[in-house]
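Notes for the one structure printed next.
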Amino acid sequence: QVQLVESGGDLVQPGGSLRLSCAASASILSVSAMDWYRQAPGKQRELVAYVTNGGSTSYADSVKGRFTISRDIPTNTVHLQMNSLKPEDMAVYLCHTTSWSGVNYWGRGTQVTVSS
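Take any residue in the sequence shown, note its place counting from 1, add 6, and you have its number in my numbering.
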(Lines of atoms letter the chains of each structure in order from A; the text may use other names.)
(Lines give C-alpha, C1' and ligand atoms only; values in the text may rest on other atoms or scores of the structure.)
Protein backbone atom coordinates (compact mmCIF):
# COMPACT_ATOMS: atom_id res chain seq x y z
CA GLN A 7 0.00 0.00 0.00
CA VAL A 8 1.28 3.44 -0.96
CA GLN A 9 -0.16 6.65 0.47
CA LEU A 10 0.33 9.86 -1.47
CA VAL A 11 -0.11 13.32 0.03
CA GLU A 12 0.01 16.42 -2.13
CA SER A 13 0.73 19.94 -0.99
CA GLY A 14 1.61 23.33 -2.40
CA GLY A 15 -1.58 24.33 -4.17
CA ASP A 16 -2.55 27.98 -3.87
CA LEU A 17 -4.05 31.00 -5.56
CA VAL A 18 -1.60 32.61 -7.96
CA GLN A 19 -1.82 35.32 -10.59
CA PRO A 20 -1.34 34.52 -14.28
CA GLY A 21 2.36 34.35 -15.02
CA GLY A 22 3.16 33.27 -11.50
CA SER A 23 4.80 30.12 -10.19
CA LEU A 24 3.97 27.34 -7.76
CA ARG A 25 5.79 24.26 -6.56
CA LEU A 26 3.69 21.22 -5.77
CA SER A 27 4.95 18.33 -3.69
CA CYS A 28 3.81 14.73 -3.39
CA ALA A 29 5.04 12.77 -0.39
CA ALA A 30 4.89 8.99 -0.75
CA SER A 31 4.72 6.56 2.14
CA ALA A 32 6.94 4.07 0.34
CA SER A 33 10.12 4.28 -1.64
CA ILE A 34 9.48 5.95 -4.98
CA LEU A 35 11.99 3.53 -6.43
CA SER A 36 9.58 0.68 -5.60
CA VAL A 37 7.09 1.83 -8.23
CA SER A 38 7.35 2.09 -11.98
CA ALA A 39 6.72 5.83 -12.17
CA MET A 40 5.34 8.81 -10.30
CA ASP A 41 2.80 10.96 -12.10
CA TRP A 42 1.04 14.27 -11.78
CA TYR A 43 -2.49 14.51 -13.17
CA ARG A 44 -4.91 17.41 -13.10
CA GLN A 45 -8.67 17.61 -13.12
CA ALA A 46 -10.52 20.77 -14.03
CA PRO A 47 -14.31 21.13 -13.62
CA GLY A 48 -16.12 19.62 -16.57
CA LYS A 49 -12.93 18.26 -18.11
CA GLN A 50 -11.31 14.85 -18.27
CA ARG A 51 -8.45 14.05 -15.96
CA GLU A 52 -5.24 14.87 -17.77
CA LEU A 53 -1.75 13.44 -17.34
CA VAL A 54 0.52 16.43 -16.82
CA ALA A 55 3.93 14.89 -16.23
CA TYR A 56 5.64 11.75 -15.02
CA VAL A 57 9.04 10.57 -13.89
CA THR A 58 9.96 6.91 -14.31
CA ASN A 59 11.79 4.66 -11.90
CA GLY A 60 14.88 5.24 -14.01
CA GLY A 61 14.53 9.02 -13.88
CA SER A 62 13.15 9.71 -17.35
CA THR A 63 10.55 12.43 -17.57
CA SER A 64 7.69 13.27 -19.89
CA TYR A 65 5.25 16.17 -20.15
CA ALA A 66 1.94 17.01 -21.72
CA ASP A 67 2.35 19.33 -24.67
CA SER A 68 0.32 21.98 -22.88
CA VAL A 69 2.91 22.32 -20.10
CA LYS A 70 6.21 21.63 -21.90
CA GLY A 71 8.75 24.32 -21.21
CA ARG A 72 6.78 25.64 -18.23
CA PHE A 73 6.53 22.71 -15.81
CA THR A 74 9.32 20.57 -14.41
CA ILE A 75 8.89 17.32 -12.52
CA SER A 76 11.63 16.23 -10.16
CA ARG A 77 12.12 13.76 -7.36
CA ASP A 78 13.89 13.64 -4.04
CA ILE A 79 14.63 9.96 -3.51
CA PRO A 80 15.78 10.12 0.15
CA THR A 81 12.49 11.76 1.18
CA ASN A 82 10.29 9.86 -1.29
CA THR A 83 8.94 13.13 -2.61
CA VAL A 84 8.08 14.20 -6.13
CA HIS A 85 7.80 17.87 -7.03
CA LEU A 86 6.13 19.73 -9.84
CA GLN A 87 7.57 23.18 -10.47
CA MET A 88 5.03 25.21 -12.41
CA ASN A 89 6.11 28.47 -14.02
CA SER A 90 4.31 30.95 -16.28
CA LEU A 91 0.98 29.73 -15.01
CA LYS A 92 -2.08 30.35 -17.14
CA PRO A 93 -5.77 30.41 -16.24
CA GLU A 94 -6.17 27.13 -18.12
CA ASP A 95 -3.76 25.49 -15.67
CA MET A 96 -6.29 25.93 -12.91
CA ALA A 97 -7.32 22.49 -11.62
CA VAL A 98 -6.99 20.01 -8.81
CA TYR A 99 -3.57 18.43 -9.18
CA LEU A 100 -3.33 14.80 -8.17
CA CYS A 101 -0.34 12.60 -7.53
CA HIS A 102 -0.54 9.05 -8.84
CA THR A 103 1.52 5.93 -9.04
CA THR A 104 1.14 2.33 -10.10
CA SER A 105 2.85 -0.50 -8.30
CA TRP A 106 4.76 -3.11 -10.23
CA SER A 107 1.79 -5.43 -9.62
CA GLY A 108 -0.53 -2.96 -11.32
CA VAL A 109 -2.29 -1.41 -8.34
CA ASN A 110 -3.14 2.27 -8.77
CA TYR A 111 -2.70 4.75 -5.95
CA TRP A 112 -4.00 8.33 -5.90
CA GLY A 113 -3.57 11.24 -3.58
CA ARG A 114 -6.47 13.48 -2.61
CA GLY A 115 -5.20 16.37 -4.68
CA THR A 116 -4.23 19.98 -4.17
CA GLN A 117 -6.08 22.93 -5.68
CA VAL A 118 -4.28 25.32 -8.01
CA THR A 119 -6.17 28.51 -8.79
CA VAL A 120 -4.83 30.91 -11.41
CA SER A 121 -6.64 34.19 -11.35
CA SER A 122 -6.00 37.89 -11.20
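The C-beta atom is built at its ideal place from N, Cα and C for all residues, glycine as well.
Is it true that the CB of residue 24 sits closer than 8 angstroms to the CB of residue 109? no
Contact defined as beta carbons within less than 8 angstroms: I believe residue 20 pairs with residue 120. What is the distance between those atoms, to the nearest angstrom? 6 angstroms
In the DSSP output, what is residue 110 paired with across the bridge? 104
CB residue 29 to CB residue 83, shorter than 8 angstroms? Contact: yes.
Range of the contiguous beta strand (DSSP E) that encloses residue 55: 52 to 58
Give the straight-line distance between the Cα atoms of residue 26 and residue 76, rounded to the nearest whole angstrom. 10 angstroms
With burial defined as no fewer than 16 other Cβ atoms inside 10 Å of the residue's Cβ, what is the status of residue 35: buried or exposed? Its Cβ having fewer than 16 others within 10 Å, residue 35 is exposed.
Taking C-alpha atoms, which residue in 97, 80 and 41 lies nearest to residue 62? 41
Pull up the distance between the alpha-carbon of residue 9 and that of residue 38, whole angstroms please. 15 angstroms
Provide the residue(s) that pair with residue 75 in DSSP beta bridges, ordered along the chain. 86
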